[in-house]
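The structure appears right after this line, and notes come after that.
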Amino acid sequence: CPISSNETLFVDVKVFPNPAREFIHVELSSAGNYSIMLVDMTGRIIKRVNMEAQSEASIALDNIPTGMCILSLLQNDNQQKLYMQKVSLMGDE
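In the numbering used here, the protein residues as written are 5 to 97.
So, in structure tokens, the structure goes:
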């Protein structure tokens with residue numbers, strides 16, 4: 005679910021596939037400067053990707069362990085969380 009700031013900034017976010025094996029694709033309704041973080045269930049950041057003036061990104065899942073994680077979208081200028089989603093990582097088989 006999107007989280008709004010004081011300026012009522014909303015970003016529609018699509019995250020797929022879920023569950024994910026080789027990559028996660030993130031599409032946003034508007035381009036901007038964002039950070040995408042994958043955080044494991046213990047709170048450890050396992051991957052961070054910066055988006056500069058972009059509205060989509062593909063995140064490679066090389067060397068990322070199988071299991072559940074939280075994908076968070078942050079606005080770069082104030083690090084405010086705009087979106088969070090649980091993602092299942094399948095790993096290589």
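Glycine included, each C-beta is placed from N, C-alpha and C at the ideal position.
Close Cβ partners of residue i (< 6 Å) along its chain, the five nearest in sequence each way excluded
i	result
Met41	Ile49, Arg52, Ser76
Met123	Since the first residue shown for the chain is 5 and the last is 97, residue 123 is missing from the structure and cannot be characterised.
Residue i to residue j span [Cα, whole Å]
i	j	result
Ala57	Cys73	26 Å
Gln89	Asn37	19 Å
Gly71	Asp44	8 Å
Gln83	Ile68	24 Å
Asn22	Glu31	14 Å
Asp66	Asp81	28 Å
Ala35	Val19	15 Å
From the options, residue whose alpha carbon lies closest to that of residue i
i	options	result
Ser92	Asn80, Phe27, Ala61	Phe27
Ala64	Thr46, Asn82, Gly47, Met94	Met94
Assigned exposure category for residue i - 16 Cβ within 10 Å defines buried
i	result
Ala24	buried
Sequence-distant residues of its chain with Cβ nearer than 7 Å to residue i (five each side left out)
i	result
Ser33	Val15, Asp16
Same chain, Cβ closer than 8 Å to residue i, five either side skipped, listed in chain order
i	result
Ser59	Glu31, Leu32, Ser33, Ser34, Ala35, Gly36
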